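Note sheet for the following structure.
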Amino acid sequence: PCGVEIAALPPDPSTEILATVPERPPLILASGSPQRRRLLAEAGYSFAVMPPDDHVECGICSQGGPAALVVELATEKAANVAARLAHGERPPDGLPGATDSRVIVACDTVAECGGEVLGKPADEAHAASMLARLRGNRHRVYSGLCLWPWSPTGSAVAAPQTKLAVSELFLEPIADELLDEYLASGLWQGKAGAFGYQDRHGWLRLETGSESNVIGLPMELLAEMLSAG
Numbered sequence: 101p102c103g104v105e106i107a108a109l110p111p112d113p114s115t116e117i118l119a120t121v122p123e124r125p126p127l128i129l130a131s132g133s134p135q136r137r138r139l140l141a142e143a144g145y146s147f148a149v150m151p152p153d154d155h156v157e158c159g160i161c162s163q164g165g166p167a168a169l170v171v172e173l174a175t176e177k178a179a180n181v182a183a184r185l186a187h188g189e190r191p192p193d194g195l196p197g198a199t200d201s202r203v204i205v206a207c208d209t210v211a212e213c214g215g216e217v218l219g220k221p222a223d224e225a226h227a228a229s230m231l232a233r234l235r236g237n238r239h240r241v242y243s244g245l246c247l248w249p250w251s252p253t254g255s256a257v258a259a260p261q262t263k264l265a266v267s268e269l270f271l272e273p274i275a276d277e278l279l280d281e282y283l284a285s286g287l288w289q290g291k292a293g294a295f296g297y298q299d300r301h302g303w304l305r306l307e308t309g310s311e312s313n314v315i316g317l318p319m320e321l322l323a324e325m326l327s328a329g
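One point on numbering: in the numbering used here, the residue at position 183 of the sequence shown is 283, and numbering is uninterrupted.
Laid out in structure tokens, this is it:
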């Protein structure tokens with residue numbers, strides 16, 4: 101196996117997201133990811149989209165391990181959007197909901213195998229290198245989630261909170277022909293580790309943790325954090 105083994109936990113599929121969360125606040129999603137938008141929409145959240153500035157989406161830019169890295173980057177994304185909101189900028193579709201307070205949701209996701217952190221591939225050759233590294237090995241997907249309360253009126257809000265989600269997967273030792281076919285499809289683009297669990301490839305198996313975490317936004321953790329306030 102690749103890297104240090106972690107304790108086995110039963111998978112909890114993203115389809116079993118809590119159907120209702122009391123007092124759900126409107127959200128501002130600090131991400132341009134279509135996968136994250138889809139997960140929030142399918143779960144019934146009211147939200148607007150306001151991606152962070154490009155310089156914040158800097159990929160692997162920390163010397164820390166994957167757990168510290170994703171929490172750090174998620175916090176930076178939320179802080180960037182909060183600062184722009186404070187200066188009067190608004191999401192293109194306007195603010196969600198009619199309440200005084202909203203919650204900025206920011207997430208960062210990377211894969212890790214054998215101590216090597218794998219972010220989004222720069223090009224097809226980079227994606228091929230990542231998948232060759234993962235093929236036939238167990239690896240982990242880390243997501244840092246930051247919730248940053250914000251009020252347009254400047255009223256007092258709770259402090260930002262961060263948490264971490266980890267899932268473990270196994271990539272089957274697939275044939276070169278199948279790998280080449282996947283690379284040619286372009287489905288690896290914009291995805292940490294060069295793969296998308298939501299694409300339902302039979303050669304990628306979730307062993308522990310949350311499916312939605314692998315897709316890019318740990319919905320069970322989000323519901324838990326929102327419920328905790």
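Yeah, the Cβ is synthetic: ideal placement off N, Cα and C, and Gly gets one too. As the structure is a computational prediction, the values presented were derived from the model and not from experiment.
I'd like to check one pair, alanine 211 with valine 241: are the Cβ atoms closer than 7 Å?
yes
Measuring only the C-alpha atoms, how far is aspartate 223 from glutamine 289?
8 Å
Contact between the segment 276–287 and the segment 223–235 (3+ Cβ pairs under 8 Å):
yes
7 Å Cβ cutoff met for glycine 244 and alanine 182
no
Using the Cα positions of aspartate 154 and alanine 130, report the straight-line distance between them to the nearest angstrom.
12 Å
Roughly how many angstroms lie between the CA atoms of proline 166 and glycine 215, to the nearest whole one?
8 Å
Starting from valine 210, follow the beta strand (DSSP E) in both directions and report where the run begins and ends.
202–213
In whole angstroms, what is the alpha-carbon distance linking arginine 138 and glycine 164?
30 Å
Just mark aspartate 208 as buried or exposed, buried being the case when its beta carbon has 16 or more other beta carbons within 10 Å.
buried
Smallest Cα separation from arginine 238: which of Lys263, Glu268, Thr199?
Glu268
Are any of the Cβ atoms in chain C nearer than 7 Å to that of proline 166?
The displayed structure is made up of one protein chain only, and chain C is not part of it.
Grouping DSSP H, G and I as helix and E and B as strand, with all else coil, what is alanine 119?
Caution is warranted here: a pLDDT of 40 is assigned to alanine 119, below 50, making its placement in the model unreliable, and the coordinate value is therefore given only provisionally. Coil.
Contacts around proline 151, its chain only, beta-carbon distance under 7 Å, and the 5 residues preceding and following it disregarded
Ala130, Ser131, Gly132
Which residue or residues does DSSP assign as beta-bridge partners of serine 243?
Thr209, Ala265
Are the segment 270–282 and the segment 187–204 touching, with three or more C-beta to C-beta distances below 8 Å?
no
Is the beta carbon of glycine 219 less than 7 Å from the beta carbon of alanine 292?
yes
Local conformation of isoleucine 274 per DSSP, three classes
coil
By Cβ distance, which residues of its chain are closer than 8 Å to proline 318, with the 5 residues on each side in sequence left out?
Cys207, Ser243, Leu245, Ala265, Ser310, Ser312
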